[in-house]
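Below is one structure, written out as structure tokens; the observations come after it.
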Amino acid sequence: MFNSLFNKLTAMFILVTILGFVIMGIMIFMFLGDMVVNEMALNLEKTAQTITDSFLVYDGSQTLYPWLESWFAGTLRSHSQNTQATIWIIDRSGYLWRFDSPDSEYTAMYKVIQEKFERGPTDIRWRLPSDKYYRKIMTGEYDVLREVGDFQGLLGESGQWLTIQKPIVLKPIDGKSVVWGAVFMHKPVPQILASRTYIFQFVFYSSLVALVVCIILLYFITRRMTRPLKEMNHAAQVIAKGEFDQVLDVNSRDEVGQLARTFNAMTSELRNIENHRREFIANVSHELRTPITTIRGFISGILDGTIPAEKQAFYLDIVRTEAERLGRLVTDLLDLSRIESGESRLVMKKVDINEIIRKCIIQLENNITKKRLNIEMIFEAEIMRVRADPDAILRVVFNLLHNAVKFTPEGGNISVFTMYARDGKVEVSVKDNGHGLEPAELERIFERFYKTDRSRSDDRKGTGLGLAIARSILKEHKQDIQVSSTPGKGTTFTFTLERVE
Numbered sequence: 334m335f336n337s338l339f340n341k342l343t344a345m346f347i348l349v350t351i352l353g354f355v356i357m358g359i360m361i362f363m364f365l366g367d368m369v370v371n372e373m374a375l376n377l378e379k380t381a382q383t384i385t386d387s388f389l390v391y392d393g394s395q396t397l398y399p400w401l402e403s404w405f406a407g408t409l410r411s412h413s414q415n416t417q418a419t420i421w422i423i424d425r426s427g428y429l430w431r432f433d434s435p436d437s438e439y440t441a442m443y444k445v446i447q448e449k450f451e452r453g454p455t456d457i458r459w460r461l462p463s464d465k466y467y468r469k470i471m472t473g474e475y476d477v478l479r480e481v482g483d484f485q486g487l488l489g490e491s492g493q494w495l496t497i498q499k500p501i502v503l504k505p506i507d508g509k510s511v512v513w514g515a516v517f518m519h520k521p522v523p524q525i526l527a528s529r530t531y532i533f534q535f536v537f538y539s540s541l542v543a544l545v546v547c548i549i550l551l552y553f554i555t556r557r558m559t560r561p562l563k564e565m566n567h568a569a570q571v572i573a574k575g576e577f578d579q580v581l582d583v584n585s586r587d588e589v590g591q592l593a594r595t596f597n598a599m600t601s602e603l604r605n606i607e608n609h610r611r612e613f614i615a616n617v618s619h620e621l622r623t624p625i626t627t628i629r630g631f632i633s634g635i636l637d638g639t640i641p642a643e644k645q646a647f648y649l650d651i652v653r654t655e656a657e658r659l660g661r662l663v664t665d666l667l668d669l670s671r672i673e674s675g676e677s678r679l680v681m682k683k684v685d686i687n688e689i690i691r692k693c694i695i696q697l698e699n700n701i702t703k704k705r706l707n708i709e710m711i712f713e714a715e716i717m718r719v720r721a722d723p724d725a726i727l728r729v730v731f732n733l734l735h736n737a738v739k740f741t742p743e744g745g746n747i748s749v750f751t752m753y754a755r756d757g758k759v760e761v762s763v764k765d766n767g768h769g770l771e772p773a774e775l776e777r778i779f780e781r782f783y784k785t786d787r788s789r790s791d792d793r794k795g796t797g798l799g800l801a802i803a804r805s806i807l808k809e810h811k812q813d814i815q816v817s818s819t820p821g822k823g824t825t826f827t828f829t830l831e832r833v834e
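Here the sequence shown is numbered in this note's numbering, starting from 334 and rising by one per residue.
Dropping the structure here:
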């Protein structure tokens, strides 16, 4: 079931969403408990204040207006029913002066009064069994008292209660207030918390609907997120079979979109590598086929007598030349492979690049003399030390000078420059005044086996790997090589090396 990323993401999102709603529900449930109790306490305190005001009106005018007796009783009844709270009016001696309770609790509360309150043989009123229940509020030091519990054990058998105590303060006589008694209001806590249950149920069902909507949205979002991954998986399977024409349609700018663009770039690079591989195989086959065909043809001609004995030496010399060319080709291919694979490790030393250039010119002295070429060496300093592998850099300089000698006409000029460049480097340039290169040729000049049409006719012994090897060696040195050319005026190759003192 969870083998696919789509199923895993969907399940994860659903679990996280459910967990979030559960945590939110628990926090709301806990918060609502304190909130509804506090809200009910504030409501009871306001009601107690109203009852106190009504009592002052009643107590001050009952002798003049007898009907206030029934009015005050009706007021208590109304407040008791509206708040669903039991109301006691206790005088400062602890006597129960007035009592009212909701219909649902009247009998139970009256039973509590009968069982817990006291009444002497001559008393017709009930009295609280101890002054601990009213002593504090009768001091007049408190505007209101709030308690959650069993009212010091008096209401213990009936569960938890919210009790509000409000003193009844008579009008000042001679500037001194008198606490006549207090209003006590009791309401069962479970009844108060019932409203929390209603609120929580509303939140729960709302959250359930929201959860269903979230799951549906998450399904489509996850499906949209994983679609590019499925397309990449399919494309990778196709590419694994050797088809490199797969291109993903990228619309998003997120990480998945970036991955898709990177995948397209990788596919393009693989396509280029495959094209280069095929071209490389074709070039190697061509380069090998030509000398092998020549060798086989001349050897067959000698063996079957087609080539007369007096000409056999001439053709055997051609065979030897082609065999040497094959040897150079194989050697260059092996060297290039070792350099590009990192098997050919560089031995970095402090060397004089000017001295390397002089050695290369000495090695090419015969070729230079035969073509009567003019060699110009312009060095910014007599000794210019660089950090490089001397054998590898000698090969680079030799290849560049060898190409310049080959493609510079007789009596032409070749110039070699060394100068200090920026960023702590030494710049080396080899310039000739040969036939030059076309812009299209410049783009491919460093490719393996690439030869211009002119070079194919001028250089039949070359392998076409010299410049590719030179660039690979410089890349191993973390340096670069550039080429500039003007058709009919010549070509300049420039590379850099790290300068050392």
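Backbone N, C-alpha and C fix where the C-beta goes; we use that ideal spot for every residue, glycine too.
These numbers were taken from a predicted model, which means no experiment stands behind them.
My output table needs one value for residue i: the three-state DSSP class, helix, strand or coil.
{"i": "Phe-553", "result": "helix"}
{"i": "Lys-739", "result": "helix"}
{"i": "Ile-497", "result": "strand"}
{"i": "Ile-640", "result": "coil"}
{"i": "Ile-632", "result": "helix"}
{"i": "Val-536", "result": "helix"}
{"i": "Tyr-783", "result": "coil"}
{"i": "Gly-514", "result": "strand"}
{"i": "Val-680", "result": "coil"}
{"i": "Arg-488", "result": "It is worth fixing the name first, because residue 488 is Leu in this sequence and not Arg. It is coil, neither helix nor strand."}
{"i": "Ile-351", "result": "helix"}
{"i": "Val-580", "result": "coil"}
{"i": "Pro-435", "result": "coil"}
{"i": "His-519", "result": "strand"}
{"i": "Thr-343", "result": "helix"}
Going straight from the alpha carbon of residue i to that of residue j, what length do you get?
{"i": "Arg-586", "j": "Phe-596", "result": "14 Å"}
{"i": "Gln-534", "j": "Gly-358", "result": "10 Å"}
{"i": "Ala-316", "j": "Lys-563", "result": "Outside the shown range of the chain (334 to 834) lies residue 316, about which nothing can therefore be said."}
{"i": "Ser-748", "j": "Pro-742", "result": "14 Å"}
{"i": "Leu-734", "j": "Ile-606", "result": "30 Å"}
{"i": "Asn-766", "j": "Asp-668", "result": "30 Å"}
{"i": "Glu-831", "j": "Gly-757", "result": "6 Å"}
{"i": "Phe-577", "j": "Leu-666", "result": "26 Å"}
{"i": "Leu-798", "j": "Lys-784", "result": "9 Å"}
{"i": "Glu-774", "j": "Gln-645", "result": "40 Å"}
{"i": "Thr-555", "j": "Ala-527", "result": "40 Å"}
{"i": "Asp-637", "j": "Gly-630", "result": "11 Å"}
{"i": "Asn-584", "j": "Thr-623", "result": "51 Å"}
{"i": "His-519", "j": "Trp-459", "result": "17 Å"}
{"i": "Glu-698", "j": "Val-617", "result": "31 Å"}
{"i": "Ile-701", "j": "Asn-732", "result": "14 Å"}
{"i": "Thr-496", "j": "Val-536", "result": "29 Å"}
{"i": "Ile-694", "j": "Leu-706", "result": "12 Å"}
{"i": "Arg-658", "j": "Asn-566", "result": "47 Å"}
Quick one: residues in its chain with C-beta nearer than 6 Å to the C-beta of residue i, no 5 flanking neighbours on either side, listed in chain order?
{"i": "Phe-750", "result": "Ile-711 and Ser-762"}
{"i": "Ile-632", "result": "none"}
{"i": "Gly-634", "result": "Ile-640"}
{"i": "Tyr-391", "result": "Leu-401 and Phe-405"}
{"i": "Ser-510", "result": "Val-502"}
{"i": "Tyr-428", "result": "Arg-458 and Arg-460"}
Give the DSSP bridge partners of residue i, in chain order.
{"i": "Leu-706", "result": "Answer is none; Leu-706 lacks a bridge partner."}
{"i": "Arg-718", "result": "Asp-685"}
{"i": "Asn-746", "result": "Asn-707"}
{"i": "Gly-575", "result": "Beta-bridge pairing links Gly-575 to no other residue."}
{"i": "Ser-818", "result": "Thr-824"}
{"i": "Glu-831", "result": "Arg-720 and Lys-758"}
{"i": "Leu-503", "result": "Val-511"}
{"i": "Lys-811", "result": "In DSSP, Lys-811 forms no bridge with anything."}
{"i": "Val-763", "result": "Val-749 and Phe-826"}
{"i": "Phe-712", "result": "Thr-751"}
What residues in its chain sit with their C-beta under 7 Å from that of residue i, if we drop five residues either side in the sequence?
{"i": "Leu-365", "result": "Arg-529, Ile-532 and Phe-533"}
{"i": "Ala-754", "result": "Glu-760 and Thr-829"}
{"i": "Arg-425", "result": "Met-471, Val-512, Trp-513 and Gly-514"}
{"i": "Lys-683", "result": "Arg-718, Arg-720 and Val-833"}
{"i": "Gln-579", "result": "Ala-568, Val-571, Ile-572 and Thr-600"}
{"i": "Thr-824", "result": "Asp-765, Gly-767, Gly-769, Leu-770, Val-816 and Ser-818"}
Can you find the residues in the same chain that come closer than 8 Å, C-beta to C-beta, to residue i, ignoring five residues on each side of it along the sequence?
{"i": "Ile-501", "result": "Thr-385, Phe-388, Leu-389, Ile-422, Val-512, Trp-513, Gly-514, Ala-515 and Val-516"}
{"i": "Asp-724", "result": "Val-680"}
{"i": "Gln-414", "result": "Pro-435 and Asp-436"}
Original post:
What are the start and end residues of each continuous alpha helix (DSSP H) run of 4 or more residues lying completely inside the region 391-428, in chain order?
Top reply: 401-416
**OP:** Please specify which runs of the alpha helix (DSSP H), each continuous and at least 4 residues long, are wholly inside the region 450-485, giving them in chain order.
**Re:** Qualifying alpha helix (DSSP H) stretches, in chain order: 468-471.
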